[in-house]
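Notes to accompany the following structure.
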Amino acid sequence: MKIPKKISPDHIKDSIVGIRYTTKTPFEVAIGLFYKSLDNTFFYTNRPVGNKQPIAYQQIPLFYNEKIKIEIQPNSIVFSCLNEYISWGKFKPEIENVLLQLEKVNIIETYTRIGIRYINEYPNLDFKDCIKFSFTLGIPELNSDVYSFRSEFNVNDLMIILNLNNKVPVLSANPASNQMAITPSSYIDIDIIKDNINETEIKNLISYIEDLHIKEKEIFFNLLTEKYLETLNPTY
Amino acid sequence: MNYPSEILPKINYKFITCDLFNHYLIRFTSSNKKEDLLDSISNQIKQEHICSPREHMNDLSTSLLGVYDILHVQIELTTQGKQKFGQDWIPNEQVTAPQYLSEFIINSGRGFWVILIKKIQGIPVDYTKSNITTPFTAKCVVKHTPMKWNYWHFSIRWELDDGMYWHELQDKERAKLAKRLASEARAIIAKFAEIEEPNYSQLEKEEYCK
Amino acid sequence: MPRPANIFKFEFPLKSNGGIRVFKISDNDYPPFRYKSQFLCNEGTVNNLQSFYSNKKYILLKNLFRQQYIQLESYFEGINFEVANEKMAKSLNSLLETDPEIISMELTHDQSIFYTLKKGSFTFYLQHFLNDIDKDDDEATLIMFKGDDKLPSYAGSLTETMFVLNDTLLTNNLLKIEFLENELSF
């Protein structure tokens, strides 16, 4: 199947890239060095975990610029778009830029795992004629309206976690009014992980990330029916 | 340009005391752009457009939407105009019309918010369960307070449980309640104010004419 | 085979929906996969989406606070940005812990942060006053609506006010609670 370069609307609720790393540097020291290595286009804040005021026993360090946010944990760096999805063409260079800056402090020993997760949200959509997924039960007259499906499978050396939610009731704000409303919403959530990579070079890491992104797109677009894909104005 | 006479008080007018539950109050805002007026997350009117720093939340000026319509919010009194026309109108008092440019101008950049009187009139304020030195109750009151420049001027005020109004209290007493009642005013207007022109009607003549 | 004891989250049906169970999308809440250890799920890229989205809101609102402080700086004499920022982090974090569907904030010219929260059929307005810099716990007011009906308000310290907010949510089954599953019940 031909994979589009772009669709509109893309319905992307979130795109997340997570990278695991190893280091011998204690985290409380590492975060200070990371802070110093990032240029002044990035802002820093931290968020107390839990509500044990006035002393917070744990803080989550958060970096961000206008486009992306970065959560750095003792063994992981998680990137996501701060507001709307900025397109892969803009997201990937942001990730690379950050990794190159963090590399300067020379404390990350190896990158051990990468993951890419895209969550697509479709308010008021029934997947029935939109995706190539269906299931039957022993009782033929039973047709499921609302379902949640989770599957994990391995393809080559990738682990793929697929979540499909069809018309689950979700409470959200009605943009036309001040009221909250329940909207039956469907989700396609694809998480692809490459583990045990043991990588030290950023350019190789970026290459792996790109491969995962291509795989993500392949799975996503192959999941859609041709008819539904046409309604998303694909460009090739 | 002539001042709109329909909003000036007339000798044969009286105070409006009838039920106004299904009428709207309108107040001007400094911008008429939706993105300036509404908070994009909550979809409610922004606090900065409820009341400017110079205004007082304890006695918020508005107008009754009806004869005073959406376009009238653009009328802005000059400093000279405020000195001459910015006082309370007394029944039977004859007033002259403000003069264009010297006493009033048209500010076309103004927008508005409206609020249904039913939503706020009598709304209770209850701070009796609070951990503060002076727990109290109060209620929101919409009162006709005609001005020389605008007969349709109404005030959103706060009546305390002893019958006094917040804005009438001495400075020290007024300040004690300021934080709580100002919060109430902000919250109530944020909750119920809208920036779209509603369907509205004019008040029947017998309600404001002798 | 006996089911192992698990800590799991149980979300009560919202009364206003007449018993419909409403879900938030997060790994921990994915129905029916609440019992992670039971189903031996693999760990994904992000395992707690709720916390992840909450952190996003935290950043967006902190950013907004910084922009608004700059715009209103002249009204914040005597309260420097760092102090105000730290105070704001305290109230914002507490409010985000309630997992509201909507949260927004605005700085006011009377040196306060005015928060709007929506959760279920409730709307909360919390005003956090920043100008008592000598006190450890700032003053706050809380105004609450259920639908369009106004509830009694609260004023006191920020900590007390947050307690009242959380209590209101808990009383109205809008807060998740965690409890240990009893093996014997199966």
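Protein chains in written order, with the numbering used here: chain A, 1 to 236; chain B, 237 to 446; chain C, 447 to 632.
Here a beta-carbon is modelled for each residue, glycine too, at the ideal position from N, C-alpha and C.
Inter-residue spacing [alpha-carbon to alpha-carbon] between A/N40 and A/K203 | The straight-line gap from Cα to Cα measures roughly 23 Å.
If the cut is a Cβ gap below 9 Å, which residues of chain A does C/E547 touch?
-> Neighbourhood of C/E547 in chain A, by CB distance below 9 Å: L171, S172, A173 and M180, in chain order.
Are at least three pairs of beta-carbons, each pair with one atom in the stretch 127-139 of chain A and one in the stretch 78-93 of chain A, less than 8 Å apart?
-> Judged by Cβ distances under 8 Å, the stretch 127-139 of chain A makes no contact with the stretch 78-93 of chain A, as fewer than three pairs qualify.
C/S567 at chain F interface by Cβ criterion, 8 Å = No chain F appears in this structure, whose protein chains are A, B and C.
When the Cα of B/I431 is compared with those of B/M237, B/V309 and B/T381, which residue comes out closest?
-> The closest CA to that of B/I431, considering only B/M237, B/V309 and B/T381, is found on B/V309.
Would you please verify whether the beta carbon of B/A423 is less than 8 Å from any beta carbon of chain C?
-> Chain C contact via Cβ: present.
Could you tell me the distance, in whole angstroms, from the CA atom of B/T314 to the CA atom of B/A333?
-> Distance between B/T314 and B/A333, taken at the CA atoms: about 14 Å.
Would you call the stretch 577-588 of chain C and the stretch 603-615 of chain C touching, i.e. three or more CB-CB distances under 8 Å?
-> Contact between the stretch 577-588 of chain C and the stretch 603-615 of chain C is established, with three or more Cβ pairs separated by less than 8 Å.
Determine whether the Cβ of C/L620 lies closer than 8 Å to any Cβ atom of chain B.
-> Taking Cβ atoms only, chain B never reaches closer than 8 Å to C/L620, which makes this a no.
Can you name the start and end residues of the beta strand (DSSP E) that A/V17 belongs to?
-> It spans I12 to T22 - the beta strand (DSSP E) in which A/V17 sits, taken as one unbroken run.
Residues bridged to A/Y147 by DSSP?
-> For A/Y147, which the question treats as bridged, DSSP gives the partners A/N166.
Output, in chain order, the set of chain A residues within a Cβ distance shorter than 7 Å of C/T505.
-> Residue identity differs from the one stated: residue 505 of chain C is Ile in this sequence, not Thr. Ordered by position in chain A, the residues that pass the 7 Å Cβ test against C/I505 are T45, L62, Y64, K69 and L82.
Under 8 Å, do C/I576 and C/Y561 count as touching if we go by C-beta distance?
-> Note on residue identity: the sequence assigns Leu, not Ile, to residue 576 of chain C. Result no, Cβ atoms of C/L576 and C/Y561 do not sit closer than 8 Å.
Where does C/F485 sit, in a helix, a strand or coil, going by DSSP?
-> Per-residue confidence for C/F485 stands at a pLDDT of 46, beneath the threshold of 50, marking its modelled position as unreliable; no derived number is given.
Between the Cα of B/I252 and the Cα atoms of B/G347, B/C376, B/Y387 and B/I311, which residue gives the shortest distance?
-> For the options B/G347, B/C376, B/Y387 and B/I311, the alpha carbon positioned closest to that of B/I252 is the one of B/Y387.
Amino acids of chain B, ordered along the chain, whose beta-carbon sits closer than 7 Å to that of C/T587 = The contacting residues are K415, R416 and S419.
Residue range of the alpha helix (DSSP H) that B/I281 falls in?
-> No alpha helix (DSSP H) contains B/I281, which DSSP labels as neither H nor E.
Return the chain-ordered list of same chain residues with a C-beta closer than 6 Å to the C-beta of C/I548, the five sequence neighbours on each side being excluded.
-> Within the same chain, C/I548 has close Cβ partners K564.
Distance between beta carbons of A/I192 and A/K215, contact taken as under 8 Å = A/I192 and A/K215 do touch by the CB rule: their CB atoms are close to 6 Å apart, below 8 Å.
Is the stretch 183-200 of chain A close to the stretch 148-165 of chain A, with three or more CB pairs under 8 Å?
-> Judged by Cβ distances under 8 Å, the stretch 183-200 of chain A makes contact with the stretch 148-165 of chain A, as three or more pairs qualify.
Can you tell me whether B/C254 is buried or exposed, with buried defined as 16 or more other CB within 10 angstroms of its CB?
-> Taking all protein chains shown into account, B/C254 has fewer than 16 neighbouring C-beta atoms within 10 Å of its C-beta and is therefore exposed.
Beta-carbon proximity of B/L337 to B/Y260, cut-off 8 Å | A distance of 8 Å or more separates the beta carbons of B/L337 and B/Y260.
Tell me where the alpha helix (DSSP H) around A/E96 begins and ends.
-> Residues W88 to E103.
Residue-level contact to chain C via CB, B/Y444, 8 Å cutoff | For B/Y444, no CB of chain C lies under 8 Å from its own CB, so it is not counted at the interface with that chain.
Determine, using beta carbons only, whether B/V377 and B/E395 come nearer to each other than 8 Å.
-> Yes, they are a contact pair.
Counting only runs that start and end within the stretch 347-383 of chain B, where is the alpha helix (DSSP H) found for 4 or more residues in a row?
-> Segments of the alpha helix (DSSP H) lying fully in the stretch 347-383 of chain B: 353-356.
Report yes if the CB atom of B/D407 is closer than 8 Å to the CB atom of B/A374, and no otherwise.
-> If you check the CB distance, B/D407 and B/A374 do not come in under 8 Å.
Closest by CA to A/E96, which one among A/F79, A/I108, A/T112 and A/N106?
-> It is A/F79.
Closer than 7 Å at the beta carbon, the chain C residues around A/I116 | For A/I116, the chain C residues whose C-beta falls within less than 7 Å of its own C-beta are T491, listed in chain order.
Going by C-alpha distance, which of B/K355, B/N328, B/T370 and B/Q357 is nearest B/R410?
-> It is B/T370 whose Cα lies nearest to the Cα of B/R410.
Have a look at B/K354, B/Q438, B/H389 and B/Y304 and flag the residue whose alpha-carbon is nearest the alpha-carbon of C/D594.
-> Considering only alpha carbons, the answer is B/K354.
Per-residue burial, C/K536 [other beta carbons within 10 Å of its own, 16 or more giving buried] = A buried status is given to C/K536, since no fewer than 16 other beta-carbon atoms sit within 10 Å of its beta-carbon.
Might you give, ordered along the chain, the residues of its own chain that have their beta carbon closer than 7 Å to the beta carbon of A/E94, omitting 5 neighbours on each side?
-> The residues are K67 and I68.
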